[in-house]
Amino acid sequence: MTIERYTPAAAAEWDAFVDASRNGTFLHRRAYMDYHASRFPDRSLMVRDASGRLLAVLPAHVDATGTVLASHNGLSYGGWLVAPRRVTAAVMLDIFGLLVARMRAEGLTELIYRPVPHIYHRQPAEEDLYALWRMGATVIATGASSTIDLQAPSLLDRNSHNAINRAARSDVLIAPSEAWEEFWGLLTAVLEARHEVKPVHSLDEMNLLRSRFPENIRLYAATRAGRLLAGMVVYCTGRVVHSQYIAAGEEARRERLLPALYHHVITAAAASGARYFDFGISTEQGGLVLNDNLDIHKSQAGGRTTITQAFRLVLD
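Using the working numbering, the first residue of the sequence shown is number 1242, and each one after it goes up by one.
Rendered as structure tokens:
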């Protein structure tokens, strides 16, 4: 096997491999990864077999010190994306061996690795987790996410059922929306007031990304007489519909409209053929802090815990 740096000349080959891989999503296509390349200097890698066929690719960047390779702090998840066949646990150990040798040659001393959560896998692809354990990597973060298996019986609680029925009898309309600017204003105000943070993406960045991935990035909104009361941005990977952003104004919170918004999006996700709906994490500081109320809120809507993790591998 050989390992090489990704270059823009390989973009079409990279994207085709991601689409065919066991665990890649549209977040790993170059049109998504490269939108913030100025903030995350690319150091992505590609591994080929003796015949020159791609076995695996690693979305990656270097940190400001130039000594840490990360996969990938600018994405929800990174890690090795692997071919449908030919990558066994033994092969993955060899792939990590190539990676470590490459890192040493380039003066990189540490790997931060955030694997694709298993719910996003089209086929099982956890050879990397085994290899990380074998190589002595340590877990540095564990996030508690809330996920609904769309093929299992609903775990929606009674209060959420009642809220959904009230919304259905009201004059609130819940539907796909193009009111991105209005939603971003609401989202920004809610995050600043409740958490003193801003959205990870600016409106301009989100507009760019959704122009590149119109089938994958969508907005749903709850409105009354044309006024946006609440909304949710979802990322659709085919297998998973993920709640990327959600915001509700005072009127929506007072009337408990979020269960109805969730129900609409979850129903649409199931109709699309997705296997899972993922609310995202309810944790902060690498998982050391759990937002109990948020976790309970997602549980009431039917979510149950899946985890996201990050690993650190320090080279000897």
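Backbone N, C-alpha and C define an ideal beta-carbon position, used for all residues, glycine too.
- Between residue 1501 and residue 1482, the CB-CB gap reaches or exceeds 8 Å.
- Across the set 1263, 1456 and 1410, the C-alpha of 1263 shows the shortest separation from the C-alpha of residue 1298.
- Taking C-beta atoms as the reference points, residue 1506 and residue 1463 fail to come closer than 8 Å.
- By the neighbour-count criterion, in which 16 or more other beta carbons inside 10 Å mark a residue as buried, residue 1369 falls on the buried side.
- For residue 1397, same chain residues with a beta-carbon under 6 Å away, outside a window of 5 residues either side, are 1543 in chain order.
- The alpha carbon of residue 1351 has as its nearest neighbour, out of 1340, 1530 and 1361, the alpha carbon of 1340.
- In summary, residue 1274 is buried, with 16 or more beta-carbon neighbours lying within 10 Å of its beta-carbon over all protein chains present.
- Residues 1270 and 1271 of the same chain have their beta carbon placed closer than 7 Å to that of residue 1256, with the five preceding and five following residues left out of the count.
- Contact annotation: the stretch 1526-1535 does not touch the stretch 1399-1410, with fewer than three C-beta pairs closer than 8 Å.
- Contact between the stretch 1280-1290 and the stretch 1298-1308 is present, with at least three C-beta pairs closer than 8 Å.
- Inter-segment contact for the stretch 1418-1432 and the stretch 1454-1463 is present: three or more beta-carbon pairs are separated by less than 8 Å.
- Counting only the Cα atoms, residue 1343 lies some 9 Å from residue 1245.
- Measuring C-alpha to C-alpha distances from residue 1470 to each of 1494, 1456 and 1486 identifies 1494 as the nearest.
- Nearest neighbour of residue 1278 by Cα position, chosen from 1321, 1315, 1295 and 1329, turns out to be 1315.
- At the C-beta level, residue 1280 and residue 1556 stay beyond 8 Å of one another.
- Each residue's CA atom was taken as its position, placing residue 1480 and residue 1516 some 5 Å apart.
- The alpha-carbon of residue 1468 is positioned some 49 Å away from that of residue 1308.
- Given a length threshold of 4 residues, each whole run of the alpha helix (DSSP H) inside the stretch 1348-1418 is given here in chain order: 1368-1375 and 1399-1410.
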